[in-house]
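See structure below.
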Amino acid sequence: MEKRYLLAPGPTAIPPEVLLKMAEPIIHHRNPLFEEVLEEVRENLKYLFGSKNEVLIFASSGTGAMESAVTNTLSPGDKAICIRSGKFGERWANICKAYGVETINIDLPWGEELDVADVEKALKGNPDCKAVYMQATETSTGAMFPVKEVAGIVKNYPDTILVVDGITGIGVFELPQDEWHIDVLVGGSQKALMLPPGLSFAGVSDKAWEFNKKSKLPKFYFNWAKELTNLQKNQTNFTPAISLIIGLRESLKMIKAEGLENVYRRIDGLARATREGAKALGLKIFAKNPSPAVTAICAPEGIDGQAIYKTLWKKYGVTGAGGQDQLKGKIFRIATLGYADKYDVITAISALEFTLRDLGYKFEMGAGVAKAVDVLKDM
Ligand SMILES: Cc1ncc(COP(=O)(O)O)c(C=O)c1O
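Per this note's numbering, the sequence shown starts with residue 688, numbered consecutively.
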């Protein structure tokens, strides 16, 4: 028998309550039954995003909402600043390029901390930049970026908006959109929302809606203004991902019942236990400022990170993630966002110990689990 544990930074495990709701016979999206679902989802998304404004919902993976954040706010020939320190930071610049938006890139070595003074410097040097793009968590490196501090700078530039990829941040740690002045906050269903992939979200500030009125980049499927008009009537512009939105109603209900503060505390504790457990085995954490969403752990000298990831998965049933691009073979990742609890961490660290032993790494067997349990006991 093989029991599997999904501890990847997306897709994440889905609670049975959510799975069961999504398995119910489908309803029609122009029926009052679905309007009721949307009404509740709209309210609870505002709670999750910390915004008085509507959160737009799209049937796409997260990148769709990222693309919409560019096409719905900018015009051809505009300039933007992209903070790049991993695969997803690069994605912002690639989307801009595809639409003819010139980018000024703040390039940090992967895993390094962002110095917010660099953002201020880039803005001062390029006052015509219309947007700053960044990640809350750069999933490829496990690094967390100082959204609050960057937002505190960008809010003083009336002609610039801050666009945050919160795909691995929303529902993981504090990201209150209105309070922090995040102009566009992008999310995806397959992370802390505990759903399958297929929904993306964009929370839009009043400032970003003003940009939308002037934006001239082409848009058709991802048209914010049309989605907003429909959403306010509990409708969608096109056929929505009905079953996923029904699942979303349930997962948002669960998040609300636990309370966002408690969700953040739980995930933070699980990530701390993961980091401490790994360190107790003599391993290093890759990111200077690690995110609670996902822990990127450096493969020890002489051991291939991909072999760790693959052994965890093939032999011990634990699906984490390997390294991507320049980090392939150098790191492996274990996620703690979404539907995760203490036993997931203990499972992951003990599977890691079995794996490392198989791969010939020398360490004290049990030391990682003991340390993780020690951190978890006070949660
Ligand atoms: C931080 C971040 N941004 C963007 C994406 C891209 O999202 P998707 O693959 O859903 O399009 C991901 C996906 O893993 C991500 O982790």
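Virtual Cβ for every residue (Gly too), placed ideally from N, Cα, C.
{"Query": "Residues of its chain near residue 1000, where Cβ-Cβ distance is below 8 angstroms and the 5 sequence neighbours each way are ignored", "Result": "1006 and 1007"}
{"Query": "Proximity test, residue 764 beta-carbon vs ligand 1 heavy atom, cut-off 7 angstroms", "Result": "no"}
{"Query": "6 angstroms CB neighbourhood of residue 818 in its chain, flanking five on each side removed", "Result": "767, 848 and 850"}
{"Query": "Beta carbon of residue 807 nearer than 8 angstroms to that of residue 840", "Result": "yes"}
{"Query": "Status (buried if at least 16 other CB within 10 Å, exposed otherwise) for residue 814", "Result": "exposed"}
{"Query": "Counterpart residues of residue 783 in DSSP-defined beta bridges", "Result": "Answer is none; residue 783 lacks a bridge partner."}
{"Query": "Buried versus exposed, by CB contacts within 10 Å (16 or more), residue 959", "Result": "buried"}
{"Query": "Heavy atom of ligand 1 within 7 angstroms of residue 1012 beta-carbon", "Result": "no"}
{"Query": "CB contact flag (residue 990, residue 1018, <8 angstroms)", "Result": "no"}
{"Query": "Beta-carbon proximity list for residue 902, same chain, < 8 angstroms, skipping 5 on both sides", "Result": "758, 759, 760, 761 and 762"}
{"Query": "Proximity test, Cβ basis, 8 angstroms: residue 855 and chain B", "Result": "Looking for chain B here will not work: only one protein chain is present."}
{"Query": "Of the listed residues 982, 933 and 1023, nearest to residue 713 (C-alpha basis)", "Result": "933"}
{"Query": "Sequence ranges, alpha helix (DSSP H) only - wholly within the segment 726-805, length at least 4", "Result": "749-758 and 774-785"}
{"Query": "Contacting residues, own chain, Cβ-Cβ under 6 angstroms from residue 875 (five flanking each side not counted)", "Result": "749, 854 and 887"}
{"Query": "Three CB pairs or more closer than 8 angstroms across the segment 967-986 and the segment 826-838", "Result": "yes"}
{"Query": "Assigned exposure category for residue 1065 - 16 Cβ within 10 Å defines buried", "Result": "exposed"}
{"Query": "Distance between residue 788 and residue 975 (C-alpha atoms, nearest Å)", "Result": "31 angstroms"}
{"Query": "Per-residue DSSP class, three states only, for residue 884", "Result": "coil"}
{"Query": "Closer than 7 angstroms: residue 798 CB and nearest ligand 1 heavy atom", "Result": "no"}
{"Query": "Close beta carbons around residue 798, own chain, < 7 angstroms, minus the five adjacent residues each side", "Result": "828, 830, 973, 974 and 975"}
{"Query": "Cutoff 6 angstroms; reference residue 722; Cβ partners in own chain excluding five residues on either side", "Result": "921"}
{"Query": "Cβ-Cβ distance between residue 775 and residue 864 below 8 angstroms", "Result": "no"}
{"Query": "Residue 942 and residue 858 closer than 8 angstroms at C-beta", "Result": "yes"}
{"Query": "Any non-hydrogen atom of ligand 1 closer than 7 angstroms to residue 748 Cβ", "Result": "yes"}
{"Query": "Unbroken alpha helix (DSSP H) run spanning residue 956, endpoints", "Result": "947-967"}
{"Query": "Own chain, CB closer than 8 angstroms to residue 987, minus 5 neighbours either side, in chain order", "Result": "969, 970, 1043 and 1048"}
{"Query": "Exposure of residue 696, with buried meaning 16 or more beta-carbon neighbours within 10 Å", "Result": "buried"}
{"Query": "Alpha-carbon spacing of residue 923 relative to residue 703, whole angstroms", "Result": "27 angstroms"}
{"Query": "Residue 693 to residue 1046 span [Cα, whole Å]", "Result": "22 angstroms"}
{"Query": "Residue 852 Cβ short of 7 angstroms to ligand 1 heavy atom set", "Result": "yes"}
{"Query": "Any non-hydrogen atom of ligand 1 closer than 7 angstroms to residue 1020 Cβ", "Result": "no"}
{"Query": "Residue environment, residue 870, which counts as buried when at least 16 other CB atoms sit within 10 Å", "Result": "buried"}
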